[in-house]
Amino acid sequence: MSMALLVQAVAGLAGGLALGAVYFALLGRSVALAAPTGTRGRALIFFGLRLSLAAGALWLTAQASGLALIAMLAGFLLARGVVLRRVREG
(Lines of atoms letter the chains of each structure in order from A and count residues from 1; the text may use other names and numbers.)
(Lines give C-alpha, C1' and ligand atoms only; values in the text may rest on other atoms or scores of the structure.)
Protein backbone atom coordinates (compact mmCIF):
# COMPACT_ATOMS: atom_id res chain seq x y z
CA MET A 1 0.00 0.00 0.00
CA SER A 2 1.46 3.32 -0.99
CA MET A 3 1.70 6.23 1.39
CA ALA A 4 -0.98 8.19 -0.48
CA LEU A 5 -3.48 5.34 -0.11
CA LEU A 6 -2.65 4.98 3.56
CA VAL A 7 -3.21 8.70 4.12
CA GLN A 8 -6.56 8.50 2.30
CA ALA A 9 -7.65 5.52 4.39
CA VAL A 10 -6.64 7.11 7.71
CA ALA A 11 -8.23 10.44 6.78
CA GLY A 12 -11.42 8.68 5.72
CA LEU A 13 -11.56 6.68 8.94
CA ALA A 14 -10.99 9.78 11.08
CA GLY A 15 -13.54 11.73 9.07
CA GLY A 16 -16.06 8.93 9.47
CA LEU A 17 -15.57 8.85 13.22
CA ALA A 18 -16.07 12.61 13.40
CA LEU A 19 -19.08 12.46 11.08
CA GLY A 20 -20.62 9.68 13.14
CA ALA A 21 -20.04 11.55 16.39
CA VAL A 22 -21.75 14.68 15.07
CA TYR A 23 -24.53 12.70 13.40
CA PHE A 24 -25.42 10.76 16.53
CA ALA A 25 -25.13 13.85 18.74
CA LEU A 26 -27.70 15.57 16.52
CA LEU A 27 -29.85 12.43 16.65
CA GLY A 28 -29.75 12.52 20.44
CA ARG A 29 -30.75 16.18 20.41
CA SER A 30 -33.70 15.56 18.12
CA VAL A 31 -34.92 12.67 20.27
CA ALA A 32 -34.55 14.77 23.42
CA LEU A 33 -36.56 17.57 21.83
CA ALA A 34 -39.33 15.42 20.40
CA ALA A 35 -39.81 12.86 23.17
CA PRO A 36 -41.11 14.89 26.13
CA THR A 37 -43.15 17.50 24.29
CA GLY A 38 -44.17 15.68 21.16
CA THR A 39 -43.20 18.67 19.04
CA ARG A 40 -41.70 17.61 15.78
CA GLY A 41 -40.64 20.91 14.25
CA ARG A 42 -37.23 21.11 15.86
CA ALA A 43 -36.70 17.38 15.42
CA LEU A 44 -37.30 17.81 11.69
CA ILE A 45 -34.73 20.58 11.58
CA PHE A 46 -32.16 18.29 13.20
CA PHE A 47 -33.15 15.53 10.78
CA GLY A 48 -32.46 17.86 7.88
CA LEU A 49 -29.11 18.85 9.37
CA ARG A 50 -28.12 15.21 9.88
CA LEU A 51 -29.15 14.22 6.37
CA SER A 52 -27.39 17.17 4.75
CA LEU A 53 -24.23 16.70 6.78
CA ALA A 54 -23.96 12.97 6.11
CA ALA A 55 -24.86 13.17 2.43
CA GLY A 56 -22.51 16.10 1.82
CA ALA A 57 -19.57 14.53 3.62
CA LEU A 58 -20.05 11.17 1.92
CA TRP A 59 -20.43 12.79 -1.51
CA LEU A 60 -17.29 14.90 -1.08
CA THR A 61 -15.34 11.87 0.10
CA ALA A 62 -16.60 9.80 -2.83
CA GLN A 63 -15.24 12.48 -5.16
CA ALA A 64 -11.79 12.01 -3.62
CA SER A 65 -11.52 8.21 -3.80
CA GLY A 66 -13.35 4.98 -3.26
CA LEU A 67 -10.91 3.90 -0.55
CA ALA A 68 -11.54 7.07 1.44
CA LEU A 69 -15.30 6.54 1.11
CA ILE A 70 -15.08 2.96 2.38
CA ALA A 71 -12.86 4.07 5.26
CA MET A 72 -15.30 6.87 6.10
CA LEU A 73 -18.20 4.42 6.18
CA ALA A 74 -16.14 2.15 8.45
CA GLY A 75 -15.45 5.08 10.78
CA PHE A 76 -19.13 6.00 10.81
CA LEU A 77 -20.04 2.43 11.76
CA LEU A 78 -17.41 2.45 14.51
CA ALA A 79 -18.95 5.64 15.92
CA ARG A 80 -22.37 3.98 15.73
CA GLY A 81 -21.05 1.02 17.72
CA VAL A 82 -19.65 3.31 20.40
CA VAL A 83 -22.94 5.20 20.69
CA LEU A 84 -24.99 1.99 20.89
CA ARG A 85 -22.70 0.59 23.59
CA ARG A 86 -23.04 3.79 25.64
CA VAL A 87 -26.83 3.81 25.30
CA ARG A 88 -27.13 0.16 26.34
CA GLU A 89 -24.88 0.64 29.36
CA GLY A 90 -26.91 3.62 30.48
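Heads up: the sequence shown is residues 5 to 94, going by the working numbering. Beta carbons: idealized from backbone N, C-alpha and C, even for Gly.
Comparing C-alpha distances from I49 to each of G19, V14, L62, S34 shows the shortest one belongs to S34.
Excluding its 5 nearest sequence neighbours in each direction, Y27 has C-beta neighbours in its own chain below 7 Å: R54, L57, A58, listed in chain order. The closest CA to that of V11, considering only W63, L23, M76, is found on M76.
Judged by DSSP in its simplified three-state form, R33 adopts helix.
Counting the other CB atoms within 10 Å of its CB gives L88 a total below 16, which places it among the exposed residues. Annotated three-state conformation of S6 is coil, per DSSP.
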